[in-house]
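See below for the structure under consideration.
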């Protein structure tokens, strides 16, 4: 069984990857083929849509990086972790908590919650 923090870090690596080819390879490693992502602002299903969501975040927030905010928790196929998003050296602009369902150590579904975000987001 893969450590919870390792899975969360692998997930955040997808969001931090700016090279499209490398990002798609990371998505293939981290997500099931029919994986779903949903948060209050966006939704995607499958590798292609998840890649498009990540690319859109890079376009809207260039230079921003996701960081794990503490250790991740796991029981069985359920994963929970918190993260922050901002530019290096500055206070995070956005903070959130994600809940995931795993299938064979890969992400099957991720439900994201924004704990702190500017109104203009």
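Residue numbers (UniProt numbering): 1 to 121.
For each residue, glycine too, the CB sits at the ideal point set by N, CA and C.
Using 8 Å for Cβ pairs, my map puts residue i next to residue j. What's the rounded Cβ distance?
| i | j | result |
| --- | --- | --- |
| residue 45 | residue 34 | 7 Å |
| residue 115 | residue 95 | 5 Å |
| residue 79 | residue 4 | 6 Å |
Does the Cβ of residue i have 16 or more other Cβ atoms within 10 Å, making it buried, or fewer, making it exposed?
| i | result |
| --- | --- |
| residue 23 | buried |
| residue 64 | buried |
| residue 66 | buried |
| residue 113 | exposed |
| residue 37 | buried |
| residue 98 | buried |
| residue 21 | exposed |
In whole angstroms, what separates the C-alpha of residue i from that of residue j?
| i | j | result |
| --- | --- | --- |
| residue 30 | residue 11 | 6 Å |
| residue 2 | residue 121 | 34 Å |
| residue 60 | residue 87 | 13 Å |
| residue 56 | residue 41 | 12 Å |
| residue 6 | residue 100 | 13 Å |
| residue 53 | residue 71 | 25 Å |
| residue 92 | residue 106 | 27 Å |
| residue 28 | residue 84 | 24 Å |
| residue 68 | residue 109 | 18 Å |
| residue 8 | residue 50 | 16 Å |
| residue 102 | residue 16 | 21 Å |
| residue 117 | residue 104 | 32 Å |
| residue 58 | residue 14 | 11 Å |
| residue 111 | residue 39 | 6 Å |
| residue 32 | residue 62 | 27 Å |
Can you tell me whether residue i is helix, strand or coil according to DSSP?
| i | result |
| --- | --- |
| residue 46 | helix |
| residue 5 | helix |
| residue 121 | coil |
| residue 93 | coil |
Q) Which runs of the beta strand (DSSP E) spanning at least 3 residues fall entirely within the region 27-82, listed in chain order? A) 31-38, 43-45, 65-68 and 73-75
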